[in-house]
């Protein structure tokens, strides 16, 4: 994996769920991720990658979870456990601070904001695959939360769809260290083409 | 979850990769799964479920992995680590014993044999979703191998597609106990609607 | 086809693109559809069906085209001819009257508003398939515009995905009569399970 | 469209359903297509394109319809009219001459034979999209039968998925001239990026 390189014309950054509820002090899920987040240096790493990929001319795709709205899931036959939890907690509520972009990671001009995903894959029920094709992308670098849910499921879909997939082990977090271990040591190595540290990823990016 | 019930007209069993290479003494991957398999009583449980669902009138869908053929993956831009491993070992080779059905789990008359999947999801690049719809299925019970790869990814896709998903914790196996733990204690509870033991599943099936 | 019946628990109305630009005097595309629309009695038929399905307890899914926004398609490698036309004309512009719902066909409480589609299929790059499953739907009745583009492509996708598909020949319109003929006499009969007149559809709906 | 060019590393030929039943004297559907086929010079054009794309180094994907087998569609809730017709006529029967490749268009070494499609889209329920990505393809040239069913639906899916789509008006056929007109004059111009004659396509191919 040390030889991994990225062609800026064919590589995209997929930034999963950069919401205050996940990433900011006061967010609904921050208390559950902050131990792991602090241990891996999450916020600094996300900022470093976010800057580095833009300097390198790599396209950024924001891949946001459905923002909760009144009525969501209520008529569904069988919402998943995660969706049932969102119904109770109103996670990522539309129009509220928790469902707004973290200030450091709001979309910038030229970014693609993909349609919101209802489950854990940023590809399922959205336009992500088509948008990647319409921008000539074959390689995706996936960062954001959670390592073992939305990030992993989006990454698995990317591989099934035919993309080259890079995970970044310290640019994500989870509710526990064992979930991080499951994502990067148990499952990631079966499907991901590269699993890098932030510093290695940045070193592998093309010059601007 | 104790209240989970199954309507035979709307429920299907998805049996993932019932190949000799996975399940039989002498299979290429059996040495890597047999410790976990023996600990959970895998083969007895698979046999019990296979019989019980048929008695209950529940439709069986066989969900097979791509059988390796010469040339597979060789022209692909970026086969995944699992696919690269298959290229080397010729796992599930077409026309060989390892890629044949385990004798106890071969398709029976009336079963649907879904198209072979190239990766870890039985839905990706196959006709599984359409076949389920054409048979009126809304609930899937997923058994077979491996707990944290094909079984989990097929199950996650099922949830994203709108199906009700049941995992069976002792009717699958993996290369290690920590992979089983990741599948059923860390990840499964985020997306699966029920995670049962074989005995509980059989008790919940409808009378014939 | 005279025997076609509909179970209200399993049937949905898919209403394609009920925008002012298509359906209202002053809309950008109304001048191109109005001859056919008037000849088939489009607006009266849409109103009749819209009322009748609601009385029958059938769920309504609004299936809207992407509302044009500044920048749309501009970075895409190859927008289609229809998309290039939208770039020029700003059809269905977000925030403008043309991209607002026709007053008679705005979503009502309990309706599902599906994600906007970028092309001509209401399923492609949206959550329509999953939403149908989460509401137990196996049969779709498809009305709205245009007969040979969004309506036909959505209907073809529905068939490929495993749904039962009903077209309504006088509850749609097109830019020419030969396009209507192509949709209902040449192509529809190859994939659609029923092609009805509005009056026959309403007669076939279940009592409330 | 005169300026259309093709990069051999990014372009694929999709050859739809090159079966004896469609293309050969004695085939089950040949009597229904032969008038149009002869008028456009179908077989000569297919042969010319098949040779020219290979000389140009363009990858060939064979996109075959499901070969009929006993039992097909019989347990389905609602096979389409085309599928019901296949049930009666055993069109493209597996193991029979009619379901074998036309002698001039059998797959050659290095071709990709995509999974068989059940309906009219070569993408639906198959691995075509993933195979195109794993071979770096962004542009597809679609030839074969029928112009207004499998060819058109495959082409529409390609556009929705984000590919650049070329139709070839005299390298396809249909049951009637008005179906050809519908495919190339009414519907094609809404979604296809180029609609060429065989001679123009061949002139636009890259040198070897």
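Residue numbers (the numbering used here), protein chains in the order written: chain S, 5 to 212; chain D, 5 to 212; chain A, 5 to 212; chain C, 5 to 212.
Even for Gly, the Cβ is constructed at its ideal location relative to N, Cα and C.
task = Please compile the residues from chain A whose C-beta is within a distance smaller than 9 Å of the C-beta of residue 165 (chain D).
result = 133, 134 and 137
query = In three-state terms, what does DSSP make of residue 17 (chain A)?
reply = strand
message = Using a 10 Å radius around the Cβ and a threshold of 16 neighbouring Cβ atoms, would you call residue 6 (chain A) buried or exposed?
response = Note on residue 6 (chain A): pLDDT 47, under 50, position unreliable in the model; the coordinate value appears next. Residue 6 (chain A) comes out exposed.
request  = Would you mind telling me which residues of chain S sit closer than 8 Å to residue 140 (chain C), beta carbon to beta carbon, in chain order?
outcome  = 142
query = Mind checking if residue 119 (chain A) is an interface residue toward chain S, Cβ cutoff 8 Å exclusive?
reply = yes
task = Name the two residues that bound the continuous alpha helix (DSSP H) containing residue 208 (chain C).
result = 202 to 208
inquiry  = I'd like the span of the alpha helix (DSSP H) that includes residue 27 (chain D), first residue to last.
reply    = 24 to 27
key: Under the three-state DSSP convention, the category residue 53 (chain C) falls into   = helix
request  = Below 7 Å between beta carbons is the criterion; list the residues of the stretch 169 to 200 of chain D that meet it against any residue of chain S, in chain order.
outcome  = 182, 183, 186, 190, 191, 193, 194, 195 and 197
ask   = Are three or more beta carbon pairs between the stretch 131 to 139 of chain D and the stretch 85 to 104 of chain S nearer than 8 Å?
value = Between the stretch 131 to 139 of chain D and the stretch 85 to 104 of chain S, the count of Cβ pairs shorter than 8 Å is below three; the stretches do not touch.
key: Beta-bridge partners of residue 199 (chain D), as assigned by DSSP   = D:171
query = When you compare each of S:67, S:133, S:14 and S:13 to residue 147 (chain S) by their alpha carbons, which one comes out closest?
reply = Residue S:67 holds the alpha-carbon nearest to the alpha-carbon of residue 147 (chain S) among S:67, S:133, S:14 and S:13.
task = Please state if the CB of residue 125 (chain A) and the CB of residue 77 (chain A) are separated by a distance shorter than 8 Å.
result = no
message = If I follow the unbroken alpha helix (DSSP H) through residue 181 (chain S), where does it start and stop?
response = Run containing residue 181 (chain S): 181 to 185, per the alpha helix (DSSP H) assignment.
key: residue 105 (chain C) - DSSP class collapsed to helix/strand/coil   = Correct three-state label for residue 105 (chain C): strand.
request  = Run down chain D in chain order and give the residues with a C-beta less than 9 Å from the C-beta of residue 130 (chain C).
outcome  = 119, 129, 130 and 131
key: Residue from C:130, C:202, C:92 and C:73 whose Cα sits closest to the Cα of residue 170 (chain C)   = C:202
ask   = For residue 83 (chain A), is the classification buried or exposed, using 16 other Cβ atoms within 10 angstroms of its Cβ as the cut-off for buried?
value = buried
task = Mind checking which residues open and close the beta strand (DSSP E) that includes residue 147 (chain A)?
result = Start and end: 143 to 148.
query = Where does residue 118 (chain D) sit, in a helix, a strand or coil, going by DSSP?
reply = coil
message = I want to verify the contact list: residues of chain A whose CB lies under 7 Å from the CB of residue 80 (chain S), in sequence order.
response = 138
request  = Have a look at the DSSP bridge pairing and note the partners of residue 34 (chain A).
outcome  = In DSSP, residue 34 (chain A) forms no bridge with anything.
task = Output yes or no for whether 8 Å exceeds the beta carbon distance between residue 53 (chain C) and residue 206 (chain C).
result = Going by C-beta atoms, residue 53 (chain C) is nearer than 8 Å to residue 206 (chain C).
task = For residue 208 (chain S), decide whether its Cβ has a neighbour in chain C, counting only Cβ atoms nearer than 8 Å.
result = no
query = By the criterion of Cβ-Cβ separation under 7 Å, what are the contact partners of residue 153 (chain C) in chain A?
reply = 194
request  = Ignore the nearest five residues each way along the sequence and tell me which others in residue 26 (chain C)'s own chain have a CB closer than 6 Å to its CB.
outcome  = 33 and 149
task = Give the interface partners of residue 122 (chain D) over in chain C, defined as CB-CB distance under 8 Å, in chain order.
result = The contacting residues are 131 and 134.
request  = Show which residues of chain D have a CB atom less than 9 Å away from the CB atom of residue 68 (chain S).
outcome  = What residue 68 (chain S) touches in chain D: nothing, since even the nearest Cβ is about 16 Å away.
task = Quick one: using the 10 Å Cβ neighbour count with 16 as the cut-off for buried, is residue 198 (chain A) buried or exposed?
result = buried
inquiry  = Contact between the stretch 69 to 76 of chain D and the stretch 173 to 191 of chain D is defined here as three or more beta-carbon pairs at a separation below 8 Å; is this criterion met?
reply    = no
Any chain C beta carbon closer than 8 Å to residue 85 (chain A) = yes
message = Determine, for residue 92 (chain C), whether the minimum Cβ-Cβ distance to residues of chain A falls below 8 Å.
response = no
request  = Report the option in C:63, C:212 and C:50 whose CA atom is closest to the CA atom of residue 14 (chain C).
outcome  = The option with the nearest alpha carbon to residue 14 (chain C) is C:63.
request  = For the beta strand (DSSP E) containing residue 66 (chain S), list its first residue and its last residue.
outcome  = Counting along the chain, the unbroken beta strand (DSSP E) around residue 66 (chain S) starts and ends at 63 to 67.
message = Helix, strand or coil for residue 97 (chain A)? Go by DSSP, reduced to three states.
response = strand
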